[in-house]
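Notes follow once the structure below has been shown.
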Amino acid sequence: MFQIRIHGRGGQGVVTGAEMLSVAAFIEGRHAQAFPSFGSERTGAPVVAFCRIADKEIRLREPVQDPDCVILQDPTLLKVIDVFSGLKENGYLLVNTNKSFDELHLRGVVEKLPEGHAVIVPATDLALKHVKRPAPNAALLGAFAALTGLVNFESVTRAIAEAFPGRVGEANIAAAQEAYDLVRAQESAATA
Amino acid sequence: MLKQIEGSQAMAQAIALCRPEVICAYPITPQTHIVEGVGALVKAGELQDCEFINVESEFAALSVAIGASAAGARAYTATASQGLLFMAEAVYNAAGLGLPIVMTLGNRAIGAPINIWNDHSDAMAMRDAGWIQLFAETNQEAVDLHILAFRLAEELSMPVMVCVDGFILTHAVERVDIPDQAQVDSFLPPYDPVQVLDPDHPASIGAMVGPEAFTEVRFLAHYKQQQALRLIPAFSGELAKIFGRACGGLLRPYRTEDAETIVVAMGSVCGTIKDVVDEMRDEGVGIGVVSLVSYRPFPVEELRRILAPAKNVVVVEKSIAVGVGGPLADNIDGALRNLDGRPRLHSAIAGLGGRPITRASLRRLFRMAVENPWQGAHFLDLNEQAVGREIHRVRKIRRSGSTAENILRQLAAANPLPPG
Numbered sequence: 073m074f075q076i077r078i079h080g081r082g083g084q085g086v087v088t089g090a091e092m093l094s095v096a097a098f099i100e101g102r103h104a105q106a107f108p109s110f111g112s113e114r115t116g117a118p119v120v121a122f123c124r125i126a127d128k129e130i131r132l133r134e135p136v137q138d139p140d141c142v143i144l145q146d147p148t149l150l151k152v153i154d155v156f157s158g159l160k161e162n163g164y165l166l167v168n169t170n171k172s173f174d175e176l177h178l179r180g181v182v183e184k185l186p187e188g189h190a191v192i193v194p195a196t197d198l199a200l201k202h203v204k205r206p207a208p209n210a211a212l213l214g215a216f217a218a219l220t221g222l223v224n225f226e227s228v229t230r231a232i233a234e235a236f237p238g239r240v241g242e243a244n245i246a247a248a249q250e251a252y253d254l255v256r257a258q259e260s261a262a263t264a
Numbered sequence: 304m305l306k307q308i309e310g311s312q313a314m315a316q317a318i319a320l321c322r323p324e325v326i327c328a329y330p331i332t333p334q335t336h337i338v339e340g341v342g343a344l345v346k347a348g349e350l351q352d353c354e355f356i357n358v359e360s361e362f363a364a365l366s367v368a369i370g371a372s373a374a375g376a377r378a379y380t381a382t383a384s385q386g387l388l389f390m391a392e393a394v395y396n397a398a399g400l401g402l403p404i405v406m407t408l409g410n411r412a413i414g415a416p417i418n419i420w421n422d423h424s425d426a427m428a429m430r431d432a433g434w435i436q437l438f439a440e441t442n443q444e445a446v447d448l449h450i451l452a453f454r455l456a457e458e459l460s461m462p463v464m465v466c467v468d469g470f471i472l473t474h475a476v477e478r479v480d481i482p483d484q485a486q487v488d489s490f491l492p493p494y495d496p497v498q499v500l501d502p503d504h505p506a507s508i509g510a511m512v513g514p515e516a517f518t519e520v521r522f523l524a525h526y527k528q529q530q531a532l533r534l535i536p537a538f539s540g541e542l543a544k545i546f547g548r549a550c551g552g553l554l555r556p557y558r559t560e561d562a563e564t565i566v567v568a569m570g571s572v573c574g575t576i577k578d579v580v581d582e583m584r585d586e587g588v589g590i591g592v593v594s595l596v597s598y599r600p601f602p603v604e605e606l607r608r609i610l611a612p613a614k615n616v617v618v619v620e621k622s623i624a625v626g627v628g629g630p631l632a633d634n635i636d637g638a639l640r641n642l643d644g645r646p647r648l649h650s651a652i653a654g655l656g657g658r659p660i661t662r663a664s665l666r667r668l669f670r671m672a673v674e675n676p677w678q679g680a681h682f683l684d685l686n687e688q689a690v691g692r693e694i695h696r697v698r699k700i701r702r703s704g705s706t707a708e709n710i711l712r713q714l715a716a717a718n719p720l721p722p723g
């Protein structure tokens, strides 16, 4: 079982992101479970959503405490909550930022993870460019597919199209595609 | 058809497949997505010949459902928490009048203090109202139980409450097999009421009954609900044949054969418990779990048969009957009454007001039941320090204020937000 925890703020599509990821896994015939950290969500308040992906029925209902991947949609949360809590030693980290890990003072966290398991992607910039809205969730799912290889990018695009039919979906898919390509480029630069 | 779908939407689709004729809707978290979902299906014309009524309160929601049901319509509503309490009088009336209304309860704690999160306090508050109460472990089961509920309600002329863990199930997106209309139609015939209010054939229902007959009326209500102990397995079997997978039932034992310790629980926590059971079985611990589906009627015979050989029975429940302990544990105790060499009963209260029930805490609890058993009700993951301080404060100061606010102040002092 692979467990993902997404941290963001109300209005950034955190919950929808987890749901779309579960749909992408479902499309590939796998079992998936997405759920929010239940609370009185408000725009701007910290929000957490979870996604589990497995090859058999998922029975576990506890919040994800030992994630295989943390997706940080909003680095301003670093000062508010321990977003890395329980992140596995061989886990993945995906941060939405146009800064570097050093600028975010995350070098220590990144160095504890295996090489190539932590990437940054300017998902909000990509969303503003393609979708004209600061909702980085779809772009981050594109980056997630490139980073972990857990789901195919094709499945991610289908899940986005299902959640957002028509032109909004196409714009989100374009953002996801660019994020996917950016992460793949970082990976090939690292291995070259 | 297999779908990756939010629990509430899956339930809405299942309810629509049951062709309700009157739906009374009043919003309350965490149930709201369900009636919204059915409402959208009515508006889109996917559910036809259905009157969707926006009422002004929960009391009206069930009262309108009572009227509709008495007039011969298949009636449905949904609520949660305080909403169920606000309709309490009508809850008892629906059962007393023998009206086969189906209601979803998105299980949520009851205030004060206000809490929107999941536990089973609401269902427990109405456990003696005369409704059948079924608890879903997964969203698949929630779908199946709603279809079963309409058949059961109408066969017995008795209302059925389908209890679904708020947020944990209602807001979870997971894989659910939604049946097609032909499958549901083959299981659920059109509603054929045993009593109808019809102006052409005037009759009254709910007349005053004095001491000369009230006991007999209540006896028959109890007798009638006991019939569900036979009907639930029979109907579940029929559904299983149509859907080609296991459905419903009174309860579901999991790895209980040769188990020295058997856990009993209701609802979504059973999934987490099964994972813990697997982990502990791998370590050689003889442990199993019973997922109780039917809380009312209470399947005494089945529970006795499964639990009797065990040494320890651990009841994990999301409610507290203040002044007594766990209501489910009390009922299990009653089921084991007068049994020779009966297992030792351990009662645990967990997950109140949405506190997550984790594998780690459950594992500690199950070990403790065997190695270091407690008396009375054990509160899982209780913050003993906070409780101790508050007890001390109340002893010292007469005007000690509100417990809820005092505890929150303590927690805020213990965990200040980091600077920034």
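The listed protein sequences derive, respectively, from chains A and B.
Residues 73 to 264 (the numbering used here) are what the first sequence spells out, left to right.
Residues 304 to 723 (the numbering used here) are what the second sequence spells out, left to right.
Glycine residues also receive a C-beta, built at the ideal position from the N, C-alpha and C atoms.
Inset, instruction - Helix, strand or coil for B/Ser705, going by three-state DSSP, please let me know. - result: In this structure, DSSP gives B/Ser705 a state outside helix and strand, which the three-state scheme calls coil.
Legend entry - Three-state class that DSSP yields for B/Met314 in the structure shown: DSSP places B/Met314 within a helical segment (H, G or I) once states are collapsed to three.
Inset, instruction - Could you work out which residue in A/Lys171, A/Lys201, A/Gln137 and A/Val86 is closest to A/Gln75 when comparing CA atoms only? - result: Closest by alpha carbon: A/Gln137.
Inset, instruction - Mind listing, in chain order, the continuous alpha helix (DSSP H) runs of no fewer than 4 residues lying wholly within the stretch 154 to 233 of chain A? - result: Runs found: 179 to 184, 195 to 202 and 209 to 220.
Inset, instruction - Flag B/Ile404 as yes if its beta-carbon sits less than 8 Å from any beta-carbon of chain A, otherwise no. - result: Output row for B/Ile404: interface = no.
Inset, instruction - In angstroms with no decimal places, state the Cα-to-Cα distance between A/Leu198 and A/Ala211. - result: Taking the straight line joining both Cα atoms gives about 7 Å.
Inset, instruction - Could you tell me whether the Cβ of A/Phe216 comes closer than 8 Å to any Cβ of chain B? - result: No, because no Cβ of chain B sits closer than 8 Å to the Cβ of A/Phe216.
Legend entry - Candidates B/Leu408, B/Ala568, B/Met464 and B/Glu444, of which the one nearest B/Ser539 by Cα: Nearest C-alpha to B/Ser539: B/Glu444.
Inset, instruction - May I ask which residues mark the beginning and end of the alpha helix (DSSP H) holding B/Val572? - result: Residues Val572 to Asp585.
Inset, instruction - Output, in chain order, the set of chain B residues within a Cβ distance shorter than 8 Å of A/Val95. - result: Near A/Val95 (Cβ distances below 8 Å), the residues of chain B are Gln307 and Val476.
Legend entry - Closest Cα partner of B/Ile635 within the set B/Val479, B/Glu324 and B/Ala651: Measuring C-alpha to C-alpha distances from B/Ile635 to each of B/Val479, B/Glu324 and B/Ala651 identifies B/Ala651 as the nearest.
Inset, instruction - For my contact list, B/Val593 and B/Thr564 are in at a C-beta cut-off of 8 Å; report their separation, rounded to the angstrom. - result: B/Val593 to B/Thr564, Cβ: 12 Å. No contact.
Inset, instruction - Name the residue from B/Glu458, B/Gly399, B/Asn410 and B/Ala653 whose alpha carbon lies nearest to the alpha carbon of B/Asp431. - result: Comparing Cα positions, the closest option is B/Gly399.
Legend entry - CB contact check: A/Glu250 to chain B, cutoff 8 Å: No, because no Cβ of chain B sits closer than 8 Å to the Cβ of A/Glu250.
Inset, instruction - Tell me, please, whether the CB atom of A/Glu226 is closer than 8 Å to any CB atom in chain B? - result: With 8 Å as the cut-off, A/Glu226 does not count as an interface residue toward chain B.
Inset, instruction - Kindly indicate if chain A contains any beta-carbon less than 8 Å away from that of B/Gly574. - result: Closer than 8 Å: yes.
Legend entry - Distance, A/Pro194 Cα to A/Ala207 Cα: Answer to the nearest angstrom: the Cα atoms are 11 Å apart.
Legend entry - Proximity winner among B/Ser489, B/Pro496, B/Asn421 and B/Leu532, relative to B/Gly657 (alpha-carbon distances): Out of B/Ser489, B/Pro496, B/Asn421 and B/Leu532, B/Asn421 has the C-alpha closest to the C-alpha of B/Gly657.
Legend entry - 9 Å Cβ cut-off: residues of chain B touching A/His103: Chain B residues near A/His103: Glu477 and Arg478.
Inset, instruction - Output, in sequence order along the chain, the residues in the stretch 133 to 148 of chain A whose CB is closer than 8 Å to any CB in chain B. - result: Under the 8 Å Cβ criterion, the stretch 133 to 148 of chain A contributes Arg133, Glu134, Pro135 and Gln137.
Legend entry - Same chain, Cβ closer than 6 Å to B/Asn418, five either side skipped, listed in chain order: For B/Asn418, where only same-chain residues beyond five positions count, the Cβ hits under 6 Å are Ala412 and Gly656.
Legend entry - Per-residue contacts from A/Ala117 into chain B (C-beta, under 9 Å): Against chain B, the beta carbon of A/Ala117 has no neighbour under 9 Å; the closest one sits roughly 13 Å away.
Inset, instruction - Consider the C-beta atom of B/Thr518 and the heavy atoms of the ligand SAM; say whether any pair is separated by less than 7 Å. - result: Among the ligands in the structure shown, none appear at all, so the ligand SAM cannot be discussed.
Legend entry - Environment of B/Gln529 [buried if 16+ CB atoms lie within 10 Å]: Exposed, by the Cβ-count rule.
Inset, instruction - Kindly indicate if chain A contains any beta-carbon less than 8 Å away from that of B/Ser372. - result: No, its Cβ sits nowhere closer than 8 Å to a Cβ of chain A.
Legend entry - Partners in chain A for B/Lys577, counting only beta-carbon separations shorter than 8 Å: In chain order: Arg131.
Inset, instruction - Assuming B/Val499 contacts B/Gly375 (C-beta within less than 8 Å), just tell me the rounded distance between them. - result: B/Val499 to B/Gly375, Cβ: 4 Å. Contact.
Legend entry - C-beta atoms of A/Ala231 and A/Met73 nearer than 8 Å: It is not a contact, given that the beta carbons lie outside the stated cut-off.
Legend entry - Stretch pair the stretch 141 to 152 of chain A + the stretch 83 to 90 of chain A: three plus CB contacts closer than 8 Å: Segments in contact, yes.
Legend entry - Proximity test, Cβ basis, 8 Å: A/Gly98 and chain B: According to the sequence shown, residue 98 of chain A is Phe rather than Gly. By this cut-off, A/Phe98 is an interface position.
Legend entry - Where A/Glu187 meets chain B, residues with beta-carbon distance less than 9 Å: Among the residues of chain B, none has a CB under 9 Å from the CB of A/Glu187; the nearest is roughly 29 Å distant.
Legend entry - Beta-bridge partners of A/Phe74, as assigned by DSSP: A/Ile125.
Inset, instruction - Drop a sphere of 10 angstroms on the beta-carbon of B/Leu642, count the other beta-carbons inside from all chains shown, and report buried for 16 or more, exposed for fewer. - result: Its Cβ having fewer than 16 others within 10 Å, B/Leu642 is exposed.
Inset, instruction - Mark B/Gln316 as exposed unless 16 or more other C-beta atoms lie within 10 angstroms of its C-beta, in which case mark it buried. - result: By the 10 Å Cβ count, B/Gln316 comes out buried.
Legend entry - Cα-Cα separation between B/Ala391 and B/Pro600, rounded to whole angstroms: CA-to-CA, the gap between B/Ala391 and B/Pro600 works out to about 19 Å.
Inset, instruction - Identify each residue in the stretch 657 to 674 of chain B for which the Cβ-Cβ distance to at least one residue of chain A is less than 7 Å, and report them in chain order. - result: Listed by position, the residues of the stretch 657 to 674 of chain B near chain A (Cβ gap below 7 Å) are Gly657, Pro659, Ile660, Thr661 and Arg662.
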